[in-house]
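Here is the structure we will look at, set down as structure tokens.
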Amino acid sequence: MRKRRKILTVSTAVVAAATLPLLISPVVSAAAREDDDDSSRIARLYAPPPDRDSYRQVARLAWRGDFRDSAGLLAMVRTPQAVWYGDETPEQIERLVRRTTRSADVRGKLPVLALYNIPGRDCGSYSSGGADGLAAYEAWIDAVAEGIGDRKVLIVLEPDSLALLPSDCADESNADQTAVEEQPAEEQLAGEQQTAVEQQPAVEAPPTDLPPLPDPGASTAPPAASDAQGTGQDAAQSPDAQSPDAQSPDPRLPASESPAPKPAEAQEPSGLQPSASQSPAPEPSAEQPSTLPELPPLPTPDPMTPDPMTPDLEDVGDLDTPVVEDQETAARYSEINYAVDSLTALGNTSVYLDAGHAGWHSVRSIVPRLIKAGIDRATGFALNVSHYQTDPDSAWYGRLVSSCLAYADEGGDPEDCADQSWSRRHARRWLHAHVPDDPGRMKHFVTDTSRNGQGPWAPRAGAHADTQSWCNPPARGLGRRPTTRTGDALLDAALWVKTPGESDGRCLRGTDGPLDPVRGTVNPDAGEWFPEQALELVRYAEPSVKVFRRFPGR
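What follows is the structure, given as structure tokens:
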């Protein structure tokens, strides 16, 4: 009798795992429904075949009878997202790109390609690699162009290639600078004093247990710009913007889905992207500069006694000192320019250059880099790729960058542009005075919303030698679903560029490893499937993942 029951149980689990994709196909189609529009202005985005390891996790969850998590994970991996290419030979990349673009074209969908093969990428850190020099990279780009042909494609060109130049790799402290640290010393002091009197962001500790998936009746419609998850950026995102007393205890993560520990390896280099802090709530996006009352001229800040918690500016060094462009950095600009010219010449290809994110470079820092890289010939720029900044922060930062590019195109100096460290009131006043009202005369942008549902991670102050807040942070969730219907004239699309569920790397956080001190496990290598994080993204998603469809009349 017991043997018969065991056979029946195993058989039921196998059948459930095999038929689960068919049973919840309405769920998967509902995940990207906002892209289904008869208007020719709305592009339907392409969903590539999921990672095989993701399907194995879906089957394991179904085998255990955890159908809600299994359905939610399947909906995630079958949502439209970018296809990443890098390290292939020219022959391989031409064949793979042709296969992807043809598949999307047959279905009437727009594929998103993330090209990631720039020489010296990631400063030799977790995602190191890339082509062997300028000539090899040009041959690789030529092969990509050959594979695309005349088909419509959206390209996110070389994430981190401009926000993390070779000249930034020479000194790791460069990568740890935030937007405030890249400003002149007097403006930094004034910004810190201004931030002190404005509302500080409230940091909430993540729940100690993974919550259950939401009510099946919960809406999955993306929030409006004013109601989106996260906060705006009224002040600069400086290291002092986060209260040193704020703590975010690490959640207890599902051990059953954790990858088995791997053998210890030599210590990896520390991550080079900067920590990003949360910021105050945004002002309503509906407010336009033309409706604001006329403001008096900005006062010149008076010398004030620095706050004891503020670093001594003499210790910071001469922040105005220009970075000397070395041979590798000059080559980086040549590589990006070549890619822009080759890919835009195809006619149906939209190319977006890397512009980092709102918590990294100031506007006046990233705009000159975009100009040198050929932004005038590209479609626009991409923000928040593989990062966690909120939608309001990215939208405001994108507007400022686009406005500064337009100002510079008319002969203005990027050093005079409104910056994210400015108050919204003064920034809007500058925009009203210097920026055209026609969005068609400005560069547009796209954002990565694949993992920003809970915003940036705020680790405990001083908990780790190197927080690496960008590297597999705990308790993050899926963000806005991919769409080209954004409601923002400058925002062409919200995309899932980073593949949700894939690891950022080992994340040693300044330790000898091999364990990630935050998670207590050995994280998979960069680009490998991370089951533990994949489940977190589904369970903490904002908007939540709807795993059961309500049919009309029921």
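For what it's worth, this note's numbering labels the leading residue of the sequence shown as 222, then goes sequentially.
In this text, a Cβ means the ideal position worked out from N, Cα and C, and glycines have one as well.
- Sixteen is the threshold: since fewer than 16 other Cβ atoms of the shown chains lie within 10 Å of the Cβ of residue 548, the residue is exposed.
- Excluding sequence positions up to five before and after residue 572, its CB lies within less than 7 angstroms of the CB of 376, 378, 561, 564, 565, 599, 600, all in the same chain and listed in chain order.
- In the DSSP annotation of this structure, the continuous segment of the alpha helix (DSSP H) that includes residue 362 starts and ends at 355-369.
- Boundaries of the alpha helix (DSSP H) around residue 288: 288-298.
- At the C-beta level, residue 551 and residue 574 stay beyond 7 angstroms of one another.
- Between the beta-carbon of residue 605 and that of residue 372 there is about 27 angstroms, and that puts the pair past the 8 angstroms contact cut.
- Between the alpha carbons of residue 705 and residue 389 lies a gap of roughly 33 angstroms.
- Annotation: the continuous alpha helix (DSSP H) that includes residue 274 extends over 273-284.
- In this structure residue 730 touches residue 685 by the C-beta definition: roughly 4 angstroms separates them, less than 8 angstroms.
- Along the region 650-735, the beta strand (DSSP E) occurs as fully enclosed runs of 3 or more residues at 665-669, 712-716, listed in sequence order.
- A straight-line Cα-Cα distance of about 22 angstroms links residue 751 and residue 334.
- Residue 698 holds the alpha-carbon nearest to the alpha-carbon of residue 765 among 267, 592, 698.
- Distances from the CA of residue 626 to each of 592, 301, 716 were compared; the closest alpha carbon is that of 592.
- Straight through space, the alpha carbons of residue 318 and residue 610 are spaced by roughly 30 angstroms.
- Sorting 737, 748, 362, 695 by C-alpha distance to the C-alpha of residue 760 places 695 at the top.
- Shortest Cα-Cα distance from residue 720 to any of 693, 649, 740, 678 involves 693.
- Short of 8 angstroms from the beta carbon of residue 268, and not among the five residues preceding or following it, lie these beta carbons of its own chain, in chain order: 253, 299, 300, 301, 302, 330.
- Nearest Cα to residue 555 within the set 362, 343, 763: 362.
- Cβ contact annotation for residue 387 (same chain, cutoff 7 angstroms, sequence separation greater than five): 341, 547, 549, 550, 553, in chain order.
- A distance below 7 angstroms separates the beta carbons of residue 703 and residue 717.
- Put simply, the backbone Cα of residue 265 is about 15 angstroms away from that of residue 667.
- Assigned with DSSP and collapsed to three states, residue 575 falls in strand.
- Taking C-beta atoms as the reference points, residue 383 and residue 585 fail to come closer than 7 angstroms.
- For residue 639, the three-state secondary structure derived from DSSP is coil.
- With a 10 Å radius around the Cβ and a threshold of 16 neighbouring Cβ atoms, residue 745 comes out buried.
- Of the residues assessed, residue 740 falls on the buried side of the cut-off, its CB having 16 or more other CB atoms within 10 angstroms.
- Of all alpha-carbon atoms in 596, 747, 615, the one lying nearest the alpha-carbon of residue 581 is that of 615.
- Counting along the chain, residue 739 sits inside no alpha helix (DSSP H), nor does DSSP assign it H or E at all.
- Residue 636 and residue 629 have their C-alpha atoms some 10 angstroms from each other.
- C-alpha of residue 359 to C-alpha of residue 313: approximately 15 angstroms in a straight line.
- Under the DSSP assignment, residue 750 falls outside any beta strand (DSSP E); it carries neither an H nor an E label.
- For residue 552, the enclosing alpha helix (DSSP H) has its first and last residue at 548-565.
- Boundaries around residue 601 are those of the beta strand (DSSP E), 601-604, since no alpha helix (DSSP H) includes it.
- Nearest to residue 374 by alpha-carbon distance, out of 381, 355, 320, 351, is 320.
- Beta-bridge annotation (DSSP): residue 306 is paired with 336.
- The beta carbon of residue 749 is closer than 7 angstroms to those of 723, 724 in its chain, skipping five residues each way along the sequence.
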